[in-house]
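Read through the structure below, which is laid out as structure tokens, and then see the notes.
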Amino acid sequence: MSDLRYDIHIASDERELVAIQDFRLAESSITVLFGESGIGKSLSALAIAGLLDRDQLDIRLNGREYRDYLRSVELADLRKNGFFVFQEPSSHLNPLMTLRSQLREGALTKVSDEEGIVRRLWRHSPSSHVNEILSVYPKPYRPSGGEKQRILAAMAFKKMSTTPASAKGALFIFDEPTGNLDNQLRDEFLDLLVENFRSRHCTVLLITHDYSMISRFTTSYADLAHKIYYKELGLERGRLQLREFLPSAYLGWVKAQKAHALAERGESTLMKLQPNVRIFGRALKVTRHPAGRKPEPLSMAKGSLVYLKAPSGVGKTTLVKIMMGLLQAEELSMVLEGVEYTQRTLRQVWSTHVWGRQMAMVFQHADEALNQNARVKDVFAGLPLKTPMNEAAITRTLSQLFDDELDREFLRKPVKYLSGGQKQRLNLLRSMVLDTDILILDEPLNGLDFQSSVKVLANVEDKLRRGKSVLVISHNEEIFDALTMPEDVYYLHEIT
Amino acid sequence: MVIDSAVNRTRLRRIADGSDARWLMVWIAGLLVLWIWDAIFLNAPAFDAVQTSFLNSLATGIMVVVMALFFGWVIGVGLHLLERSEARVLYDIASFAVDILRSVPQIIVVLIGYVLLTLLLHEGTIRSTAGQLVWIAFAIAVAVSLEVSDTVRERINHFRTLDFVDAMLSCGISETRIVNVEILWKNSRSHLLYKLIAIFGMSVFLQCSIDFIVSVGLSTDVSLMNFPVTLGSLLANVDSKQDILAISNLFTDPGYISVILVRHLQGISVAFCIVFTLLCVYMIANGFVRRHRLV
Numbered sequence: 194m195s196d197l198r199y200d201i202h203i204a205s206d207e208r209e210l211v212a213i214q215d216f217r218l219a220e221s222s223i224t225v226l227f228g229e230s231g232i233g234k235s236l237s238a239l240a241i242a243g244l245l246d247r248d249q250l251d252i253r254l255n256g257r258e259y260r261d262y263l264r265s266v267e268l269a270d271l272r273k274n275g276f277f278v279f280q281e282p283s284s285h286l287n288p289l290m291t292l293r294s295q296l297r298e299g300a301l302t303k304v305s306d307e308e309g310i311v312r313r314l315w316r317h318s319p320s321s322h323v324n325e326i327l328s329v330y331p332k333p334y335r336p337s338g339g340e341k342q343r344i345l346a347a348m349a350f351k352k353m354s355t356t357p358a359s360a361k362g363a364l365f366i367f368d369e370p371t372g373n374l375d376n377q378l379r380d381e382f383l384d385l386l387v388e389n390f391r392s393r394h395c396t397v398l399l400i401t402h403d404y405s406m407i408s409r410f411t412t413s414y415a416d417l418a419h420k421i422y423y424k425e426l427g428l429e430r431g432r433l434q435l436r437e438f439l440p441s442a443y444l445g446w447v448k449a450q451k452a453h454a455l456a457e458r459g460e461s462t463l464m465k466l467q468p469n470v471r472i473f474g475r476a477l478k479v480t481r482h483p484a485g486r487k488p489e490p491l492s493m494a495k496g497s498l499v500y501l502k503a504p505s506g507v508g509k510t511t512l513v514k515i516m517m518g519l520l521q522a523e524e525l526s527m528v529l530e531g532v533e534y535t536q537r538t539l540r541q542v543w544s545t546h547v548w549g550r551q552m553a554m555v556f557q558h559a560d561e562a563l564n565q566n567a568r569v570k571d572v573f574a575g576l577p578l579k580t581p582m583n584e585a586a587i588t589r590t591l592s593q594l595f596d597d598e599l600d601r602e603f604l605r606k607p608v609k610y611l612s613g614g615q616k617q618r619l620n621l622l623r624s625m626v627l628d629t630d631i632l633i634l635d636e637p638l639n640g641l642d643f644q645s646s647v648k649v650l651a652n653v654e655d656k657l658r659r660g661k662s663v664l665v666i667s668h669n670e671e672i673f674d675a676l677t678m679p680e681d682v683y684y685l686h687e688i689t
Numbered sequence: 146m147v148i149d150s151a152v153n154r155t156r157l158r159r160i161a162d163g164s165d166a167r168w169l170m171v172w173i174a175g176l177l178v179l180w181i182w183d184a185i186f187l188n189a190p191a192f193d194a195v196q197t198s199f200l201n202s203l204a205t206g207i208m209v210v211v212m213a214l215f216f217g218w219v220i221g222v223g224l225h226l227l228e229r230s231e232a233r234v235l236y237d238i239a240s241f242a243v244d245i246l247r248s249v250p251q252i253i254v255v256l257i258g259y260v261l262l263t264l265l266l267h268e269g270t271i272r273s274t275a276g277q278l279v280w281i282a283f284a285i286a287v288a289v290s291l292e293v294s295d296t297v298r299e300r301i302n303h304f305r306t307l308d309f310v311d312a313m314l315s316c317g318i319s320e321t322r323i324v325n326v327e328i329l330w331k332n333s334r335s336h337l338l339y340k341l342i343a344i345f346g347m348s349v350f351l352q353c354s355i356d357f358i359v360s361v362g363l364s365t366d367v368s369l370m371n372f373p374v375t376l377g378s379l380l381a382n383v384d385s386k387q388d389i390l391a392i393s394n395l396f397t398d399p400g401y402i403s404v405i406l407v408r409h410l411q412g413i414s415v416a417f418c419i420v421f422t423l424l425c426v427y428m429i430a431n432g433f434v435r436r437h438r439l440v
């Protein structure tokens, strides 16, 4: 079987952005590409699909000038028979057309099974809701991120179903197609992908941070093992390398995590949140049951890892912000280390006693949570530590999650020049370095590669061993289900 | 290291290519040409007066910029911290006081400053030229500092909607540090610098306007003669007014231009200095906005 092979070089006026030799995609196969955020996965995929602006960037593909590649027959084939699903769906949708018209635009008009594809991607929604969504314009009605991702996926699957089997240039690129979907919908997406792949034998590049896809592929589609390749884009000695990723590395690690869940933990309760919370006129309740039967207080014992689950948009992040006192609720009752906090607790009390002292929180989007104009070492300035961190202490802290580049130059680097994965590690370390009894992690593995995720979780485990408590919100259910005791899993529901 | 030096080179090139840098050079070059011309053709006492007035106005403008930055920063941050605290009454009082100051036209505030200066001169509290200039700068800074405080508050409010403020608060970083260091120092320097460039221009304009107004005299004992000479006061001087009026001869005798540029230099130089400075400050501010993409 022949491979699609690319040497990619992309640079801006200021710096080199991507330099990869031998970026290989096996034809008529699925390549799952992992790697930290900002390492160059999307940029490489966009370059291959001919979607980068040659006036803004200096691009060479397989030794050719980009303008020559844009005129090439191979790209023309790719555009005719392939499809690109963007990471940020908003940039791909036309604000002046309804979603339904976009779903039937151009080559997609011919496809008859649109209804079937859409129904499966909205399996848990009533058809009236689906019709409502399809008849809106992307602006100003603004469908949610998950809805937009499903529209793009539906377009890709429609295109796939019209592509002749093993057609030349039938490369389907999915860039983080399930980032906004819950696990059930993600599985539905993967099922549709595999079904179409089986019938069309096209080439698929699936870019993702979700390593648990490996479990899904290996358990549900074991017969396709020889057609699915796992690769990871990472830095080796300062150079980008595309290396094979062994599924067993992830599967073995997840299996090993199950043992840790049996570890002993303390009995004393650090925090107890009453199950009913109200904010912005919405009522939320916490339960231990996925169906939300009986409200129960969310309780965090010393050394426990608590996992809070809910579908996207219910208000997990809102709830933890309320628990941190960052949002003022209309109804709240929480006891933290013997002191009661309610909706009437003054902001001064939260700032003096709670923030950075008893509780700390890691926000989910490192890009927004960090000051982009700060330098790396400035991220640790102003923290309520017994002694302020000097450069040596910062370097020691960074070395917990950073392998290399820990020289003075790195400490002085502006945050905005870091990759997404580096930002996320910095974001995590800022809170982890604090000696708080409770740490809240909102999507802590966002944008991290496997090795970094392992290190982050080792860090979390170390905190738990030292009697600290950690509350996690994460879509990486497979990982956190393995790490959490069943009695520490809570579900958040909106009361309608 | 190589990348960093490349980035620095690019940064320097951008600054050099920017129209703000070009207009700054034009301003300096224009003033230099004027100075040489005046040194050759203007009589010594008038040349001294023009030089002193320019330096006094420049010094006042710089002091206004520094004081307005200080007052504006303190007012903006103070109002923000009061608003975020539980002291609502204090916030309401402070914001009412600021709104009252806002409701008074800037020129009236400066005029009140001149009236107070007159009283202080009467009492002999302020005697030195430097002291008078500092007082004038103070009056103008009070009048224009709300421009800075509004920018400070806009920037803080903009960043408050972003996660990084809450993320830092939740790590125990103090709000004072977040506002002063993270938001204003690290993320708003360009915005504040742009505002300060504009304030320098406003300061020149307000000084000249007020000097013209007070040229009729503030009391029987105190007039422009008691105040330090500035561009505005020198322009309000009878000799300068005659020089400006001489320009009207050009309508009937265009050849008179050669005489104007030699014989009526005091008024022409001061007027040119004011208009040229205001034009350059305006162009520098616009160029700065474009270079830093502030709008």
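Chains as they are written, first to last, in our numbering: chain D, 194 to 689; chain W, 146 to 440. Ideal Cβ positions, reconstructed from N, Cα and C, are used throughout, including at glycine.
Residue environment for R379/D: buried (at least 16 other C-beta atoms within 10 angstroms of its C-beta). Residue contact check for P581/D against chain W: no CB pair falls below 8 Å. Note on geometry: alpha-carbon atoms of S240/W and D375/D lie some 47 Å from one another. Within chain D, no C-beta atom comes nearer than 8 Å to that of G163/W; the closest sits roughly 16 Å away. For T510/D, the three-state secondary structure derived from DSSP is helix. Leaving aside the five residues that flank V310/W on each side, the residues in its chain whose CB is nearer than 7 Å to its CB run, in chain order, F304, I323.
For F556/D, at least one C-beta of chain W is nearer than 8 Å to its own C-beta. In this structure, DSSP gives I358/W a helical state, which the three-state scheme calls helix. Note that the segment 205-223 of chain W touches the segment 284-295 of chain W; at least 3 beta-carbon pairs, one per stretch, sit closer than 8 Å. Cβ contact annotation for D388/W (same chain, cutoff 6 Å, sequence separation greater than five): H409, Q411, G412, I413, in chain order. Going by C-alpha positions, V178/W is about 32 Å away from L214/W. In the three-state reduction of the DSSP assignment, H482/D falls in the coil class, being assigned neither a helical nor a strand state. The beta carbon of A240/D is closer than 7 Å to those of I201, I203, I252, L254 in its chain, skipping five residues each way along the sequence. Residues of the same chain with a CB within less than 6 Å of the CB of I419/W, apart from the 5 flanking positions on each side, are C353, L376 in chain order.
When the beta-carbon positions are compared, G233/D and V211/D come within less than 8 Å of each other. Distance from the CA of D356/W to the CA of A381/W, rounded to the nearest whole angstrom, comes to 7 Å. DSSP places L226/D outside any alpha helix (DSSP H); the residue lies instead in the beta strand (DSSP E), whose first and last residues are 223-228. When Cβ-Cβ separations below 8 Å define contact, R623/D makes contact with chain W. Secondary structure at Q196/W: helix, using DSSP grouped into helix, strand and coil.
Excluding its 5 nearest sequence neighbours in each direction, R229/W has C-beta neighbours in its own chain below 8 Å: E320, listed in chain order. Taking C-beta atoms as the reference points, V304/D and K351/D count as a pair closer than 8 Å. Every alpha helix (DSSP H) stretch that sits fully inside the segment 264-336 of chain W and reaches 4 residues is listed by chain position as 274-305, 308-315. According to the DSSP assignment, S492/D belongs to no alpha helix (DSSP H) but to the beta strand (DSSP E) extending over 491-494. For R537/D, the closest C-alpha among the options N373/D, E524/D, S544/D, H546/D is that of E524/D. In this structure, DSSP gives H546/D a helical state, which the three-state scheme calls helix. Rounded to the nearest whole angstrom, the C-alpha separation of K661/D and D368/D is 37 Å. Under the rule that a run must span 3 or more residues, the beta strand (DSSP E) segments found entirely inside the segment 290-375 of chain D read 364-368. Linking A675/D to S497/D through their CA atoms gives a straight-line distance of about 14 Å. For I173/W, the number of other beta carbons within 10 angstroms of its own is below 16, and it is reported as exposed. Taking C-beta separations shorter than 6 Å and ignoring five residues to either side along the sequence, V249/W has no partners in its chain. Note that the C-beta distance between P288/D and K341/D is not below 8 Å. Following the DSSP letters along the chain, one finds A418/D in no alpha helix (DSSP H), marked with neither H nor E. Using beta-carbon distances, P577/D counts as an interface residue toward chain W, with a partner under 8 Å. One Cα belongs to L224/W, the other to L341/W, and the distance between them is close to 20 Å. Straight across, the Cα-Cα distance linking E429/D with A343/W is about 50 Å.
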